Amino acid sequence: MTKKQKLDKIEKLYNAYKSGLLGGEIMPEDANPSLPIDSNENYLYFTLPMSLNYQRSSYKLWESAKLTYEDETTNFIFNPKRVLKSSFEDVQHALIKYRLALQKDKQTKIWIKLCDTIVNLLNGDIRNLFSMCNYDVNKIRDFMQKQHKKDFPYLSGNKLCNYWMYVIYQYTNTRYINKEALTIAPDIHVLRSSVKLEIITQKDFESSNAQIICIDNWNKILKGTKFAPIDIHTPLWLWGRSGFMDV
């Protein structure tokens, strides 16, 4: 396809998404306890489980997160200070009760590490990260992926970092000064859709750098258009998940 043909196809895909043809009326993160959008508790709810969103169903992840939050015997794990005062075994039990954590040792360690970061680097309030970085997407990404990469296990990755910032934008009161700097979040569905649209090749898809290549290529093709890369993420995700229905 020529660049114009690709852009025409992208426009059709986006329009199909906006008209509801791709589904998406209920997104995975809609499984939430409807906390006040500006509260630290709400930010923590949409931050901590994201670090466990790796090679699994996003719908099941967030269903598990909601069940864990609504159970008074397990919801302490959404309070980083309480997590750090609890035993490893108690945190682990709470994480696996509703299968929020699937890898009980590894993912418990990830959860505890992220809680430690929030308490000791951000004074217990994840909202401080955004204010410290002046709500600038590039500064937030630099803080997480370069300055403090080891402090944000999995959340600092190429896929999750951008998608997490997008979820924060969608479900909290944070407003970035440069939302257009958010890239797509190249999970398996987005990567496959990108191959289908010839944004990346099959060889790119099989590369160890597939996520970076995909992000770069989407940034290039959408530069100067009306779309920010993150605008295309959900249509790509739904399209790939549907098995590439005709649009």
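Residue numbering for the sequence shown follows our numbering, beginning at 97 and increasing consecutively.
Ideal Cβ positions, reconstructed from N, Cα and C, are used throughout, including at glycine.
Here the structure is a predicted model, which is why all the values come from computation and not from measurement.
Spatial neighbours of I214 within its chain, please: C-beta separation below 7 angstroms, excluding the five flanking residues on both sides. Here residue 214 corresponds to residue number 118 of the sequence shown, with the count starting at 1. Within the same chain, I214 has close Cβ partners P176, G220, I222.
State buried or exposed for P132, treating a residue as buried only when at least 16 other CB atoms are found within 10 Å of its CB. Mapped onto the sequence shown, residue 132 falls at position 36. Exposed, because fewer than 16 other Cβ atoms sit within 10 Å of the Cβ of P132.
How about A190 and T170: do their beta carbons lie closer than 8 angstroms? Taking the first residue of the sequence shown as position 1, residue 190 is located at position 94. Taking the first residue of the sequence shown as position 1, residue 170 is located at position 74. Contact flag set, yes.
Determine the DSSP secondary structure at P124, reduced to helix, strand or coil. Mapped onto the sequence shown, residue 124 falls at position 28. Helix at P124.
E166 classed as buried or exposed, judged by whether at least 16 other C-beta atoms fall within 10 angstroms: Residue mapping note: residue 166 aligns to position 70 of the sequence shown, counting from 1. Exposed: under 16 other Cβ atoms inside 10 Å.
Looking at the secondary structure, which residues open and close the alpha helix (DSSP H) in which Q151 lies? The residue given as residue 151 occupies position 55 in the sequence shown. Where Q151 is concerned, there is no enclosing alpha helix (DSSP H), given that its DSSP letter is neither H nor E.
Helix, strand or coil for L332? Go by DSSP, reduced to three states. Within the sequence shown, residue 332 is the residue found at index 236, counting from 1. Helix, per DSSP.
Beta-carbon contacts of I236 that lie in its chain and below 6 angstroms, excluding the five residues immediately before and after: As a first step, residue 236 is located in the sequence shown; it is residue number 140 there, counting from the start. Around I236: C229.
Since V233 and Y259 are thought to touch, with beta carbons under 8 angstroms apart, how far apart are those beta carbons, to the nearest angstrom? Taking the sequence shown and counting its residues from 1, one reaches residue 233 at position 137. Taking the sequence shown and counting its residues from 1, one reaches residue 259 at position 163. The pair is not a contact, with the Cβ atoms about 13 angstroms apart (cut-off 8 angstroms).
Quick one: which unbroken alpha helix (DSSP H) runs of 4-plus residues sit fully inside the segment 233-269? Chain order, please. 233-238, 254-267
In the segment 192-232, which residue ranges form an unbroken alpha helix (DSSP H) of at least 4 residues, counting only runs that do not cross its ends? 200-218, 223-228
Give me, in chain order, the residues of the same chain whose beta-carbon lies closer than 7 angstroms to that of L163; leave out the 5 immediate sequence neighbours on both sides. As a position in the sequence shown, residue 163 is number 67, starting the count at 1. Counting only Cβ-Cβ distances below 7 angstroms, and skipping sequence neighbours, we find Y194.
Would you be able to state if there are at least three C-beta pairs under 8 angstroms between the segment 322-339 and the segment 284-295? yes
Can you give me the start and stop residues for the alpha helix (DSSP H) that A112 sits inside? Counted from its first residue, the sequence shown places residue 112 at position 16. 99-114 is the span of the alpha helix (DSSP H), which, as asked, contains A112.
I308, buried or exposed, once every other Cβ within 10 Å from all chains shown has been counted against 16: The residue you call residue 308 lines up with position 212 of the sequence shown. Flag for I308 reads exposed.
Endpoints, the alpha helix (DSSP H) within which L293 is located: Residue mapping note: residue 293 aligns to position 197 of the sequence shown, counting from 1. First-last for L293: undefined, no H or E at that position.
Can you have a look at Q203 and say buried or exposed, based on whether 16 or more other CB atoms are within 10 angstroms of its CB? Here residue 203 corresponds to residue number 107 of the sequence shown, with the count starting at 1. Buried.
Check each candidate in N136, E294, N128 and name the one with the smallest Cα separation from K156. As a first step, residue 156 must be located in the sequence shown, where it is residue number 60. The shortest Cα separation from K156 among N136, E294, N128 belongs to N128.
Nearest to L218 by CA position, among K200, Q199, M240, I206, is which residue? Numbered from its first residue, the sequence shown carries residue 218 at position 122. Residue M240 is the option with its Cα nearest to L218.
Are the CB atoms of N138 and T268 within a distance shorter than 8 angstroms? Numbered from its first residue, the sequence shown carries residue 268 at position 172. Numbered from its first residue, the sequence shown carries residue 138 at position 42. In contact: T268 and N138 (Cβ atoms closer than 8 angstroms).
Length of the line joining the Cα atoms of K102 and L318: Position 6 of the sequence shown holds residue 102. Position 222 of the sequence shown holds residue 318. C-alpha separation (whole angstroms): 10 angstroms.
Taking C-beta to C-beta, are W314 and I295 nearer than 8 angstroms? Counting from one through the sequence shown, the residue named residue 314 turns up at place 218. Counting from one through the sequence shown, the residue named residue 295 turns up at place 199. For W314 and I295, yes; Cβs fall inside 8 angstroms.
Let me make sure I understand the geometry here. Which of W207, E159, I280 has the alpha-carbon closest to that of K246? Residue mapping note: residue 246 aligns to position 150 of the sequence shown, counting from 1. Measuring from the Cα of K246, the nearest candidate turns out to be W207.
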